[in-house]
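What follows is a single structure, written as structure tokens, with notes after it.
Numbering (the working numbering), first residue to last: 12 to 135.
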């Protein structure tokens, strides 16, 4: 139903379909084709996409069904790239500015965390 009745948005890395649902929560479907690489690579892309959606939907009650199809070019993406790309799609599709519940852009949080780690303040 998401493909048939939903709205889509496409970019170099992803195609996102979204449709409002009657539930009190969001649902996410992911697809990464075999052209993207072996299972380990495809699973890594899916983990990054899930984390990006988790950060963007944190504190938002949109009640949407999302389907994200990763393109082969998504192999070169990191988490910040996925967050930036998905945020653009969500802003276009839902009309809601996808920020965290604290009002902080998730990209800023990632950049700050990377800066702290490079300066030796945090260990991972």
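The C-beta atom is built at its ideal place from N, Cα and C for all residues, glycine as well.
DSSP three-state assignment for residue 26, whether helix, strand or coil: strand
Rounded distance between the beta-carbons of residue 68 and residue 37, thought under 8 Å: 6 Å
Per-residue burial, residue 77 [other beta carbons within 10 Å of its own, 16 or more giving buried]: buried
Buried versus exposed call for residue 135 [16 or more other C-beta atoms within 10 Å across all chains shown]: Any reading at residue 135 is ruled out, since the residue's pLDDT is 46, under 50, leaving its predicted position unreliable.
C-beta atoms of residue 80 and residue 42 nearer than 8 Å: yes
Residue nearest to residue 25 in terms of C-alpha spacing, selected from 59, 51, 50, 12: 59
Own chain partners of residue 57 with C-beta closer than 7 Å, once the 5 adjacent residues on each side are dropped: 41, 43
C-alpha distance - residue 105 paired with residue 17, whole-angstrom precision: 11 Å
Cβ neighbour criterion (16 or more within 10 Å) applied to residue 96: buried
CB contact flag (residue 47, residue 85, <8 Å): yes
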